[in-house]
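Asks: Chains as they are written, first to last, in the numbering used here: chain A, 2 to 331; chain B, 510 to 861. Glycine included, each C-beta is placed from N, C-alpha and C at the ideal position. The structure presented is a predicted model; accordingly, all values stated were derived computationally and were not measured. The structure under discussion is supplied below as structure tokens; questions concerning it will follow.
Printed below as a string of structure tokens:
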């Protein structure tokens, strides 16, 4: 989503009016051609997105008419009796993504600050290379590692520990299976952290050295210049990396379905098994024979799209308000 | 600058035109083939994919001009594509009921090809014996009514096995699958409550349990999770040497699933299949019949527009029922009983 709007903003400048002459003159200089080409590219992206939404909308007419808004709030998913509700899937998608961002944000931004500002250049480049490799690993690999390595650790160590120390919170109660919201959140954290680190590091490196020098000249320590000048300066870019991570977390399918437990229930406990929108679509679409069943799965796709837009908008709003308050400008 | 920009524009436009005009042509010719090559497209169930791909491959070797291209996209996808007319025939793990055929306006003959079976696998610390399961125990566990391993319904048929008093962790498939259909079809037959509350399908609304993706997902959770029970497909269990229990059949014998007991289940149903091959063969009569198994089907249109294709498809079906059956056991599929083959050979005449 982030990239779409960036492209659109740069491409939708309306062609200024004026005479044909002026237009031809500009055409000769090449500006107008560049404008036209980039406009076409931007329009392509927009058309693709619009077409996608339209198709999802068109192909989910049956459940939209049959269930209406109830689709969003009921929690029965029954392919045998053709009764569908999306609430547990929406809940699972949001909980796992929120958990992933909660863990990945400090981890990712912290690591990026270290790599960009504090680490020796050689170390920074080497580590960044490894981190970018991590971003290229297919999600099914994370899923497999999740099942065979992470889930047993979660079951035997992490969840009993959380239960013992923070068990008074409803978040950390209930039977321990290993698979569930917590495991899915942890796998997602590992998957999205490279995005945050890699992009945030680039953004931090792009902060003009004058900013640092000015802060140091005013008597700031190295850390003060980093934390109070460089990071706020790069804030928008860092936020962008978090949006990208969020989008990836919301839409992740394979790794999540392998560790989330795939049980469409809403539970307060992070130990409980759950389900996510992307996971149920991937799981059931291939064998969905009834038309109401199939179209309900398509409507889930539409719901995921809308959820992504809403969460992205909320996150943007949050960033907008915090950057206004800040001192530095990007 | 000007020339460069213009050249760029031209290049982009040409490329675009080329891409648009090229794509349908390139899709129609996926692979080089002899001049009189006959490309037949099929799509559907994933469970029989290994044997289908072997069959189509062997058949191609014998008839180099016939090339059958099978996409294992799932039964639902196969039915959709058959309905849309994008494939010449489909495949499904679940027989298509008249109601669905009418709704999709499909005029097809359904041919059972091979058999699969589903069995309970479990992981109970301290229990190494091969467990015996009654239908009541399996239904009770999956309905969430039997919650502890030391429940009398489980311990009864297993004297001498010491069960812990732990909670049972129920595991099922999360992806829509023929395996789930067979399992739930069986539970529907032996438990009226299951039938009315849950029913049978490739995915159902499970009363209890964790979902694992694929046989490997279920086996993975069961292997790691103490006190768990799940169900897996016969081939997967055999290939991965999973422990699995025996199930009591309608004659009262505890039967271990293997290729022979599964074929025996199908043979017991042959009488009923005279009328309609789309019978469910779960919980069949027969002393040695394993109760949780099913056919997988090819969905062949009654009228194949291209006569050459029609001939090739019929030729393949004929071969599949005879020589083709000789290959199935090497891939751990149970073969069709002779009586069923005879029925299918008769229904071959319905395809024109």
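1. Note the first and the last residue of the continuous beta strand (DSSP E) segment covering residue 737 of chain B.
2. Any beta carbon from chain B within less than 8 Å of residue 39 of chain A's own beta carbon?
3. Check the Cβ of residue 259 of chain A against every Cβ in chain B and list those closer than 7 Å, keeping chain order.
4. Spell out whether any CB of chain B is found under 8 Å from the CB atom of residue 178 of chain A.
5. Note down, one range per segment and in chain order, each alpha helix (DSSP H) of at least 4 residues found wholly within the segment 195-222 of chain A.
6. Between residue 585 of chain B and chain A, is the shortest Cβ-Cβ distance under 8 Å, so that the two count as touching?
7. Between residue 186 of chain A and chain B, is there a C-beta pair that is closer than 8 Å?
8. Roughly how many angstroms lie between the CA atoms of residue 230 of chain A and residue 223 of chain A, to the nearest whole one?
9. Is the Cβ-Cβ distance between residue 240 of chain A and residue 196 of chain A less than 8 Å?
10. Using 10 angstroms around the beta-carbon of residue 198 of chain A, count the other beta-carbons present and answer buried if the total reaches 16, otherwise exposed.
11. For chain B, find out if any of its Cβ atoms is closer than 8 Å to the Cβ of residue 316 of chain A; answer yes or no.
12. For chain A, find out if any of its Cβ atoms is closer than 8 Å to the Cβ of residue 919 of chain B; answer yes or no.
13. Rounded to whole angstroms, how far is the Cβ of residue 753 of chain B from the Cβ of residue 630 of chain B, which I believe are closer than 8 Å?
14. Which residues in the same chain as residue 300 of chain A place their Cβ atom closer than 6 Å to its Cβ, once the five residues preceding and following it in sequence are excluded?
15. Measuring CB to CB, does residue 696 of chain B end up less than 8 Å from residue 841 of chain B?
16. Less than 8 Å between the C-beta atoms of residue 597 of chain B and residue 584 of chain B, yes or no?
17. Where are the alpha helix (DSSP H) runs, 4 residues long or more, that stay fully inside the segment 66-102 of chain A, in chain order?
18. Distance check for residue 287 of chain A and residue 827 of chain B, CA to CA, integer angstroms please.
19. How big is the Cα-Cα spacing for residue 251 of chain A and residue 48 of chain A?
20. Does the structure place the segment 657-677 of chain B close enough to the segment 563-582 of chain B that three or more beta carbon pairs sit under 8 Å?
21. Which residues does DSSP list as the beta-bridge partners of residue 550 of chain B?
22. Quick check: what's the CA-CA separation for residue 168 of chain A versus residue 270 of chain A?
23. At a cut of 8 Å, does the segment 277-295 of chain A reach the segment 123-135 of chain A through at least three beta carbon pairs?
24. Near residue 80 of chain A, which residues of its chain fall below 8 Å by C-beta distance, leaving aside the five closest residues on each side in sequence?
25. Any contact between the segment 796-816 of chain B and the segment 711-727 of chain B? By contact I mean 3 or more CB pairs, one from each, below 8 Å.
26. Using DSSP with H/G/I as helix, E/B as strand and the rest coil, what is residue 603 of chain B?
27. Please report the Cβ distance between residue 586 of chain B and residue 552 of chain B, rounded to the nearest whole angstrom; I am assuming they are in contact, meaning their Cβ atoms lie under 8 Å.
28. Quick one: what does DSSP say residue 820 of chain B is sitting in, helix, strand or coil?
29. Mind listing the chain A neighbours of residue 588 of chain B? Cutoff is C-beta to C-beta under 8 Å, in chain order.
30. Which residues of the segment 702-716 of chain B have a Cβ closer than 8 Å to any Cβ of chain A? Give them in chain order.
31. Nearest to residue 264 of chain A by alpha carbon, out of A:283, A:182, A:275?
32. Have a look at residue 117 of chain A and residue 220 of chain A and give me their C-alpha separation to the nearest angstrom.
33. I'd like the ranges of any alpha helix (DSSP H) spanning at least 4 consecutive residues and lying wholly in the segment 741-766 of chain B.
34. Under 7 Å between beta-carbons, which chain B residues line up against residue 287 of chain A? List them in chain order, please.
35. Between which two residues does the beta strand (DSSP E) containing residue 719 of chain B stretch?
36. Identify the continuous alpha helix (DSSP H) that holds residue 556 of chain B and give its terminal residues.
Replies: According to the data block:
1. Looking at the DSSP string, the run of the beta strand (DSSP E) that includes residue 737 of chain B is 737-742.
2. Not an interface residue.
3. Per Cβ cutoff of 7 Å: 722, 726.
4. With 8 Å as the cut-off, residue 178 of chain A counts as an interface residue toward chain B.
5. Complete alpha helix (DSSP H) runs here, min 4: 210-218.
6. Closer than 8 Å to some Cβ of chain A, the Cβ of residue 585 of chain B qualifies, so yes.
7. Taking CB atoms only, residue 186 of chain A has no neighbour in chain B less than 8 Å away.
8. Near 10 Å, if we compare the C-alpha coordinates of residue 223 of chain A and residue 230 of chain A.
9. Contact annotation: residue 240 of chain A and residue 196 of chain A have beta-carbon atoms that are not nearer than 8 Å.
10. With 16 or more Cβ atoms within 10 Å of its Cβ, residue 198 of chain A is classed as buried.
11. Interface criterion not met: the Cβ of residue 316 of chain A is under 8 Å from no Cβ in chain B.
12. What is shown of chain B runs 510 to 861, which leaves residue 919 of chain B out entirely.
13. Sure, about 5 Å apart at Cβ, within 8 Å.
14. Excluding sequence neighbours, residue 300 of chain A sits near 61, 64.
15. Contact check for residue 696 of chain B against residue 841 of chain B fails: the beta carbons are separated by 8 Å or more.
16. Contact: no.
17. Restricting attention to alpha helix (DSSP H) runs no shorter than 4 residues, the segment 66-102 of chain A encloses them at 71-74, ordered along the chain.
18. If you draw a straight line from the Cα of residue 827 of chain B to the Cα of residue 287 of chain A, it comes to about 29 Å.
19. Residue 251 of chain A and residue 48 of chain A have their C-alpha atoms roughly 22 Å apart.
20. Flag = no, the segment 563-582 of chain B and the segment 657-677 of chain B do not touch.
21. Partner(s): B:578.
22. Taking the straight line joining both Cα atoms gives about 10 Å.
23. Between the segment 277-295 of chain A and the segment 123-135 of chain A there are fewer than three inter-stretch CB-CB distances shorter than 8 Å, so the stretches are not counted as touching.
24. For residue 80 of chain A, where only same-chain residues beyond five positions count, the Cβ hits under 8 Å are 285, 289, 291, 294.
25. Short answer: they don't touch.
26. It is coil, neither helix nor strand.
27. Between residue 586 of chain B and residue 552 of chain B a beta carbon distance of about 6 Å is seen, short of the 8 Å cut, so the two are scored as contacting.
28. Residue state, collapsed to three classes: helix.
29. Within chain A, the residues placing a beta-carbon under 8 Å from that of residue 588 of chain B are 290, ordered along the chain.
30. Residues 707, 708, 709, 710, 711, 712, 713, 714, 715.
31. Nearest option by C-alpha distance: A:275.
32. Looking at the backbone, the Cα of residue 117 of chain A and that of residue 220 of chain A are separated by about 21 Å.
33. The segment 741-766 of chain B contains these whole alpha helix (DSSP H) runs: 743-748.
34. Near residue 287 of chain A (Cβ distances below 7 Å), the residues of chain B are 582, 583, 585, 586, 685.
35. DSSP places residue 719 of chain B in the uninterrupted beta strand (DSSP E) bounded by 719-721.
36. Annotation: residue 556 of chain B is outside any alpha helix (DSSP H) and is labelled neither H nor E by DSSP.
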